[in-house]
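Asks:
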Amino acid sequence: MPLIIQPLGKESVDSEISSLTVNTEGSLATWSTYNGLLSIITLENNEKNEFQLDSYGKKLSFISEDLFVVGQEEGNLICFSNTFQKIWEISCPGGCELMESTRKGDLIALIDGTNTLRLINTKGELLSQFSEYELTGLTINENGSAISCWDDEGNLFVLDRKCNLIFKRGINSNIGERIITAKYTQNGILLVSKESLDIPDDGEQNELEFWNPLGQKIGKVGFNSKCVSLNVKNSSIWAGLFSGEVFLIEDFNKKLIWKSEYSITSLIPINNDILVASWFYLFKISKENNESLWQYEHSGIIDILKMSQDQKIVALAGNDRNDYTNPSELVLLNPNATPIWEEESDDEFEEENIIEAETTDIYDNSDDDLKELLGDDFNQYQSTNDLGKTTSMDDLMAAFNEEISSEPKTKEIEDVSLIEHLLSSDEKRNQPPICNAGNDQVLQSGEDGSCTVILDGSSSHDPDGYIRTWNWTSEDGRTLSSGPKLKLRLPIGNHRFTLTVADDDGAMSSDSVSIIIK
Numbered sequence: 003m004p005l006i007i008q009p010l011g012k013e014s015v016d017s018e019i020s021s022l023t024v025n026t027e028g029s030l031a032t033w034s035t036y037n038g039l040l041s042i043i044t045l046e047n048n049e050k051n052e053f054q055l056d057s058y059g060k061k062l063s064f065i066s067e068d069l070f071v072v073g074q075e076e077g078n079l080i081c082f083s084n085t086f087q088k089i090w091e092i093s094c095p096g097g098c099e100l101m102e103s104t105r106k107g108d109l110i111a112l113i114d115g116t117n118t119l120r121l122i123n124t125k126g127e128l129l130s131q132f133s134e135y136e137l138t139g140l141t142i143n144e145n146g147s148a149i150s151c152w153d154d155e156g157n158l159f160v161l162d163r164k165c166n167l168i169f170k171r172g173i174n175s176n177i178g179e180r181i182i183t184a185k186y187t188q189n190g191i192l193l194v195s196k197e198s199l200d201i202p203d204d205g206e207q208n209e210l211e212f213w214n215p216l217g218q219k220i221g222k223v224g225f226n227s228k229c230v231s232l233n234v235k236n237s238s239i240w241a242g243l244f245s246g247e248v249f250l251i252e253d254f255n256k257k258l259i260w261k262s263e264y265s266i267t268s269l270i271p272i273n274n275d276i277l278v279a280s281w282f283y284l285f286k287i288s289k290e291n292n293e294s295l296w297q298y299e300h301s302g303i304i305d306i307l308k309m310s311q312d313q314k315i316v317a318l319a320g321n322d323r324n325d326y327t328n329p330s331e332l333v334l335l336n337p338n339a340t341p342i343w344e345e346e347s348d349d350e351f352e353e354e355n356i357i358e359a360e361t362t363d364i365y366d367n368s369d370d371d372l373k374e375l376l377g378d379d380f381n382q383y384q385s386t387n388d389l390g391k392t393t394s395m396d397d398l399m400a401a402f403n404e405e406i407s408s409e410p411k412t413k414e415i416e417d418v419s420l421i422e423h424l425l426s427s428d429e430k431r432n433q434p435p436i437c438n439a440g441n442d443q444v445l446q447s448g449e450d451g452s453c454t455v456i457l458d459g460s461s462s463h464d465p466d467g468y469i470r471t472w473n474w475t476s477e478d479g480r481t482l483s484s485g486p487k488l489k490l491r492l493p494i495g496n497h498r499f500t501l502t503v504a505d506d507d508g509a510m511s512s513d514s515v516s517i518i519i520k
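And the structure:
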């Protein structure tokens with residue numbers, strides 16, 4: 003039996019949670035759903051306020067203890083107070099794709115729907131912008147003095163606050179590379195997780211690179227799988243792999259801390275330990291003995307994990323990838339809670355002593371039982387009954403059978419009416435869209451060890467409306483495209499992609515496709 007912790011609270015939602023964040027003190031948590039409902043809760047008294055957005059919040063971030071910004075899927079970047087008073091608003095063409103912020107550096111960095119990087123201060127003033135290349139990711143340092151963004155071909159650019167180029171990391175492969183994720187350490191070192199699309203002559207296919215502020219690569223660490231999650235604390239670097247391993251990296255040396263059966267989606271250092279989100283579970287893993295201190299099972303696959311700076315509140319959200327269940331709730335945890343042993347199921351079958359009933363002839367026509375029941379009134383009953391035809395038990399059973407034989411016809415009519423009523427009522431409900439990510443494919447790679455693949459979900463449709471949004475994601479949860487079709491170059495191996503579509507009424511459906519490159 004594993005050690006578990008109980009949640010501080012749960013919040014039901016109207017649809018899947020699209021974004022989530024908590025403030026530094028852990029006193030406020032805010033989240034948005036795909037239906038556009040923006041909520042904020044004061045954790046001290048569980049007071050909750052709600053606000054309906056025109057679109058939905060794709061990215062959320064606190065810029066002070068009681069002010070936060072919302073990057074919408076369609077619409078401008080808006081700064082709200084904790085009572086939903088609009089503080090400022092700034093144009094964001096095509097909506098917000100990605101966003102990072104730092105309170106210490108007074109900076110908000112976002113990539114909008116036109117693939118433009120915009121740098122904004124916490125007063126809502128545009129500082130600068132950068133619009134070259136097809137940008138797919140970004141990260142910023144704690145002081146807001148360095149902004150790193152990268153494209154879909156493996157090029158990475160490090161810019162200052164005026165979007166002047168500090169240095170560029172070029173592609174080191176003839177075929178191409180892919181930047182998986184990146185993160186700044188507290189002393190300004192840029193960590194870059196990259197994946198080569200071929201077998202490189204120098205180094206490994208999956209590496210974590212170390213870049214100093216001058217644009218010099220000062221080290222690297224190789225992995226047997228791509229590094230999909232990064233986090234840092236002091237001099238310790240935590241790396242989570244797609245294959246489920248969690249590594250601790252210190253002085254360019256890696257140490258395996260823990261292994262999950264599933265991909266690592268999030269890592270958050272806490273004291274000398276690490277919080278690990280993998281599949282439906284959140285684990286607290288000890289840095290000292292590499293063991294799980296506790297675990298928590300969420301109702302959905304954990305996609306979002308946030309913790310307050312004081313390490314007292316953890317918020318998590320996700321979904322179970324099932325269109326026929328209710329959306330998974332928002333969960334609040336105290337990561338420092340004392341764990342308890344998970345109780346064994348009390349649903350085990352317990353054999354009971356069999357009680358033998360006294361056998362009697364229930365069809366006996368004797369009046370003995372009736373005489374015992376009526377007592378002195380039996381004689382009056384008998385004289386009354388004798389005036390008419392004596393009713394035997396056989397007569398009663400015959401009459402009873404006659405009633406039963408006529409019942410199905412009435413019930414059949416009632417069932418037909420009920421079905422017609424339900425069908426009539428169902429016509430008024432919104433039907434979810436039908437998502438089709440296409441057929442699974444087995445393809446042969448070329449001489450370079452890769453293959454170009456087209457994912458086509460254009461046959462998806464909505465039976466009572468139209469599809470409003472498309473979203474292709476990889477196995478590690480990264481968004482690859484917002485259109486019905488997607489073109490990729492994949493290396494040898496097994497790959498799985500998920501298409502999620504939403505209709506004009508907010509209903510969502512998902513479908514996955516497997517691609518095998520030999």
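All residue numbers for the sequence shown refer to the working numbering, where the first residue is 3 and numbers rise by one. Positions of the beta carbon are idealized from the N, C-alpha and C atoms, including for glycine.
Would you give the residue range spanned by the beta strand (DSSP E) that Val-15 belongs to?
Replies: For Val-15, there is no enclosing beta strand (DSSP E), as DSSP gives it neither H nor E.
Asks: Compare the C-alpha of Ile-494 against each of Asn-336, Gly-508 and Gln-207 and name the closest.
Replies: Gln-207
Asks: Output the distance between the C-alpha atoms of Leu-5 and Val-455, rounded to the nearest integer angstrom.
Replies: 44 Å
Asks: Leaving aside the five residues before and after Thr-118 along the sequence, list all residues of the same chain whose C-beta is less than 6 Å from its C-beta, in chain order.
Replies: Gln-131 and Ser-133
Asks: If you follow the beta strand (DSSP E) that Ser-280 is part of, which residue opens it and which one closes it?
Replies: 275 to 280
Asks: Mapping the DSSP letters down to three states, classify Tyr-186 as helix, strand or coil.
Replies: strand
Asks: Please confirm if the region 482 to 491 is in contact with the region 6 to 18, defined as three or more CB-CB distances below 8 Å between the two stretches.
Replies: no
Asks: So, does the region 251 to 270 touch the region 298 to 314, judging by three or more C-beta pairs under 8 Å?
Replies: yes
Asks: Whole angstroms are fine: how far does the CA of Ser-462 sit from the CA of Gly-172?
Replies: 38 Å
Asks: Mind listing, in chain order, the continuous beta strand (DSSP E) runs of no fewer than 3 residues lying wholly within the region 227 to 266?
Replies: Correct list: 229 to 235, 238 to 243, 247 to 252 and 255 to 261.
Asks: Report yes if the CB atom of Leu-318 is closer than 9 Å to the CB atom of Leu-295, and no otherwise.
Replies: No, Cβ-Cβ distance for Leu-318 and Leu-295 is not below 9 Å.
Asks: Pull up the distance between the alpha-carbon of Lys-170 and that of Ile-342, whole angstroms please.
Replies: 50 Å
Asks: Anyone know if the C-beta pair for Leu-193 and Trp-213 falls short of 9 Å?
Replies: With contacts defined as CB atoms closer than 9 Å, Leu-193 and Trp-213 qualify as a contacting pair.
Asks: Taking just the CA atoms, how far does Glu-18 sit from His-300?
Replies: Distance between His-300 and Glu-18, taken at the CA atoms: about 14 Å.
Asks: Who are the near neighbours of Ile-364 in its chain, counting only those whose CB is closer than 8 Å to its CB and skipping five residues on each side?
Replies: Confidence at Ile-364 is low in this model, with a pLDDT of 45, below 50, so its placement is unreliable and no value can be given for it.
Asks: To the nearest angstrom, report how far apart Phe-249 and Pro-329 are at their CA atoms.
Replies: Cα to Cα, Phe-249 sits roughly 32 Å from Pro-329.
Asks: Which two residues bound the contiguous beta strand (DSSP E) that contains His-300?
Replies: Element bounds for His-300: n/a, residue is neither H nor E.
Asks: Mind checking whether Leu-210 and Val-230 have CB atoms under 9 Å apart?
Replies: no
Asks: So, at 6 Å on beta carbons, what are the nonlocal neighbours of Ile-43 in its own chain, with the 5 sequence-adjacent residues on each side left out?
Replies: Ala-31 and Lys-50
Asks: Answer with buried or exposed for Glu-88, where buried requires no fewer than 16 other C-beta atoms within 10 angstroms of its C-beta.
Replies: The residue asked about is misnamed: residue 88 is Lys in this sequence, not Glu. So Lys-88 ends up on the exposed side.
Asks: Roughly how many angstroms lie between the CA atoms of Ser-245 and Ser-262, to the nearest whole one?
Replies: 8 Å
Asks: With Lys-125 and Cys-98 assumed to form a contact (beta carbons below 8 Å), what rounded beta-carbon distance in angstroms separates them?
Replies: The Cβ separation is near 18 Å, so there is no contact.
Asks: For Asn-438, which three-state DSSP category applies?
Replies: coil
Asks: If I measure Cβ to Cβ from Asp-428 and keep anything under 7 Å in the same chain, skipping five residues before and after, which residues do I get?
Replies: The pLDDT assigned to Asp-428 is 47, lower than 50, so where the model puts this residue is not dependable, and the model offers no usable value.
Asks: On a Cα-Cα basis, can you pick out the residue from Ala-339, Asn-274 and Glu-331 that is closest to Gln-297?
Replies: Ranking Ala-339, Asn-274 and Glu-331 by Cα distance to Gln-297 puts Ala-339 first.
Asks: Leaving out five residues before and five after Gln-8 in sequence, what residues of the same chain have Cβ atoms less than 6 Å from its Cβ?
Replies: none
Asks: Assign Glu-344 to one of two classes, buried (16 or more other C-beta atoms within 10 Å of its C-beta) or exposed (fewer than that).
Replies: Glu-344 is classed as exposed because its beta carbon has fewer than 16 other beta carbons within 10 Å across all chains shown.
Asks: Around the C-beta of Phe-70, are 16 or more other C-beta atoms found within 10 angstroms, so that it is buried, or is it exposed?
Replies: buried
Asks: What residues in its chain sit with their C-beta under 6 Å from that of Ser-447, if we drop five residues either side in the sequence?
Replies: In its chain, beyond the 5 residues on either side, Cys-453, Ile-494 and Ile-519 have a beta carbon closer than 6 Å to the beta carbon of Ser-447.
Asks: For Met-510, name the three-state secondary structure that DSSP assigns.
Replies: strand
Asks: Run through DSSP, which three-state label would Phe-86 get?
Replies: coil
Asks: What residues are listed by DSSP as bridge partners for Lys-50?
Replies: According to DSSP, Lys-50 bridges with Ile-43.
Asks: Which residues does DSSP pair with Glu-101 in a beta bridge?
Replies: According to the sequence displayed, residue 101 carries Met and not Glu. In the DSSP output, where bridge partners are listed per residue, Met-101 has Leu-112.
Asks: So Ile-168 and Gly-217 are in contact, right, with Cβ under 8 Å, and what is the actual spacing, rounded?
Replies: 7 Å
Asks: So, with DSSP's three-state summary, where would you put Tyr-468?
Replies: coil
Asks: With burial defined as no fewer than 16 other Cβ atoms inside 10 Å of the residue's Cβ, what is the status of Ile-517: buried or exposed?
Replies: buried
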